[in-house]
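Residue numbers (this note's numbering): 243 to 661. We treat Cβ as the ideally placed atom computed from N, Cα and C, and that holds for glycine.
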Amino acid sequence: MKFDVTDMKLAPKGKKRIEWADADMPVLQLVREKFAKEKSLKGIRMSCCLHVTAETANLMRTLKAGGADVYLCASNPLSTQDDVAASLSKDFGIPTFARRGESVDTFYNHLNAVIDKKPNLTMDDGADLVNLLHNKRTREAGNIIASMEETTTGVIRLRAMEREGRLKFPVIAVNDAATKHLFDNRYGTGQSTLDGVIRATDMLMAGRRVVVAGFGMCGRGVASRARGMGAHVIVTEISPLRALEAVMEGYEVMTMDEAAKTGDLFITVTGNKHILNGSHFAKMRDGAVVCNSGHFDVEIDIPALKKLSKKVNRQVRNNVDEYVMRNGRRIYLLADGRLVNLAAAEGHPASVMDMSFATQALASSYAVERNGRLTVGVHNVPQAIEDWVSELKLKAMGVTIDKLSTDQKKYLASSDEGT
Ligand code: ADE
243 MKFDVTDMKL APKGKKRIEW ADADMPVLQL VREKFAKEKS LKGIRMSCCL HVTAETANLM
303 RTLKAGGADV YLCASNPLST QDDVAASLSK DFGIPTFARR GESVDTFYNH LNAVIDKKPN
363 LTMDDGADLV NLLHNKRTRE AGNIIASMEE TTTGVIRLRA MEREGRLKFP VIAVNDAATK
423 HLFDNRYGTG QSTLDGVIRA TDMLMAGRRV VVAGFGMCGR GVASRARGMG AHVIVTEISP
483 LRALEAVMEG YEVMTMDEAA KTGDLFITVT GNKHILNGSH FAKMRDGAVV CNSGHFDVEI
543 DIPALKKLSK KVNRQVRNNV DEYVMRNGRR IYLLADGRLV NLAAAEGHPA SVMDMSFATQ
603 ALASSYAVER NGRLTVGVHN VPQAIEDWVS ELKLKAMGVT IDKLSTDQKK YLASSDEGT
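As structure tokens, this is what we get:
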């Protein structure tokens, strides 16, 4: 299989969208220029499992400019932009294995297809390639120099593998870089999640009771954007510290048992399973909307929702299924409980993916530079990369900042200047 996409005729539309996104990714453009000059990834075969979006396409172009042979498959069956997949394969010479709405079998065939390319470097959004390389494709794991991980859920899994002594090669926790999670997770997830909800339902946010489950970086972003649009935001948490932060940010904090009775819209962003379960659905009001922006589709217990329902009306609007419960109330599930921001909208805007993907690209060349010297384990992105990305992003935004004077540097370095 050379590549596998839905429709090659969509390539011209995909190309335009890729170029449109690129215009808002100035830092990634600079990395691409640097890679093209230095050929930082020459001779590398790189298999990536990411959301197949216009922004990802620009990351793939950057890796290829660095001299790598690049192969891409989807990290979620519903997030693929078919026009982008077609254009990557046709216009940019990046074989892409992704069809929006693909079955679970096809999804795994595509993962296996990119592993068949015998990569030396992998990049994941959710650790699916790393998992396959550790479980079913162990022979290919021996070729891996390192793997980059894009998302919180993936990093949690990788750290667990490291603790259990099961990890076979170095991984770089790109998600944990400040230039990634402080921006992409917060502003990207915040905006794109509401974008997904609004595109799917056309609901007015002002005056809604919006329940946000999880107050990590993503949850904070969703809560603040919903509040900005006039919603009354309720936060649920399991961490006392995060719950306290949410209270002091002025959100109402309560258990999901309580929130279930009062919410109009429920958004899960926890990274855990069954955040909304049967007992919650039973309490929800007629017309409640439930959706998820966490990586996997397990946050909403959909089998429990089905069990409580006498009828399911699929696709009452695009990305909206109506569950008619035995108690007569209707609950609306968006995007099959998969990432609503990518399934019902276009994912995070290019301007924020610029930082994440510049960090990804630079982490990849760092891993190659350090080939053989990185220990097996989970590594942080070096501070120098984070500084480079934030400085260039500020510059691209036309923002200049102050510098420490020599005297101020001396003051900070000394212990004897005080009251
Ligand atoms: N994750 C969230 N938004 C994304 C985007 N636009 N492209 C790739 N991955 C994403």
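Residue i, buried or exposed, once every other Cβ within 10 Å from all chains shown has been counted against 16
i	result
M243	exposed
Y565	buried
A626	exposed
D528	exposed
V326	buried
S434	buried
L198	No answer is possible for residue 198: the residues shown for the chain start at 243 and end at 661.
E406	exposed
V558	exposed
S656	exposed
V641	exposed
L436	buried
Q650	exposed
S289	buried
D629	exposed
K257	buried
G492	exposed
I509	buried
L353	buried
A448	exposed
L409	buried
Boundaries (first-last residue) of the alpha helix (DSSP H) holding residue i
i	result
R399	394–405
T601	592–611
D311	Here D311 belongs to no alpha helix (DSSP H); instead the beta strand (DSSP E) covers 311–316.
D333	324–333
A455	Where A455 is concerned, there is no enclosing alpha helix (DSSP H), although the beta strand (DSSP E) it sits in stretches over 451–455.
D629	625–638
A415	From DSSP, A415 is part of no alpha helix (DSSP H) but of the beta strand (DSSP E) over 413–415.
H671	Here the chain covers residues 243 to 661 and nothing more, so residue 671 does not appear.
N583	582–585
T504	498–504
R469	459–470
P254	253–265
V346	346–357
Residue span of the beta strand (DSSP E) that contains residue i, given as start and end
i	result
H474	474–478
A388	388–391
R287	287–292
K553	551–559
A530	530–534
Y574	572–576
E564	562–567
M365	363–366
I509	507–510
Residues near residue i by beta carbon distance below 6 Å, same chain, minus five either side
i	result
E297	A263, A592, M595
L507	R450, V452, V531
G438	V582, N583, A586, A587
N555	E564
E404	G619, V620
A299	I260, V326, L330
H522	M498, A502
R469	V475
I643	none
Residue i to residue j span [Cα, whole Å]
i	j	result
R580	C533	8 Å
V531	R451	11 Å
V662	D249	This structure gives no information on residue 662, because the portion of the chain shown stretches from 243 to 661.
T394	R568	37 Å
P412	H376	13 Å
M614	I387	Correcting the residue identity first, residue 614 is Gly in this sequence and not Met. So the two alpha carbons sit approximately 7 Å from each other.
V273	K645	25 Å
G570	R484	36 Å
F245	K359	12 Å
L636	A465	25 Å
V372	P361	12 Å
R399	G432	23 Å
A340	D370	15 Å
E611	G343	38 Å
Cutoff 7 Å; reference residue i; Cβ partners in own chain excluding five residues on either side
i	result
K503	K525
V562	A442, T443, Y574, L576
Contacts around residue i, its chain only, beta-carbon distance under 8 Å, and the 5 residues preceding and following it disregarded
i	result
A253	D325, A328, S329, S331, K332, D333
V192	Here the chain comprises residues numbered 243 to 661, so residue 192 is not present and cannot be evaluated.
K276	S282
T497	T478
A278	A307, G308
V269	D596, M597, A600, V631, L634, K635, A638
Residue i at chain B interface by Cβ criterion, 9 Å
i	result
G256	Given the protein chain composition of this structure (a single chain), no chain B is represented.
At a cut of 8 Å, does the region 307–319 reach the region 349–360 through at least three beta carbon pairs? yes
Per the contact definition of three or more C-beta pairs closer than 8 Å, is the region 449–460 in contact with the region 476–487? yes
For the region 536–555 and the region 509–519, state whether three or more C-beta atom pairs, one from each stretch, are separated by less than 8 Å. yes
Are the region 297–307 and the region 267–286 in contact at 8 Å, needing three or more beta carbon pairs? yes
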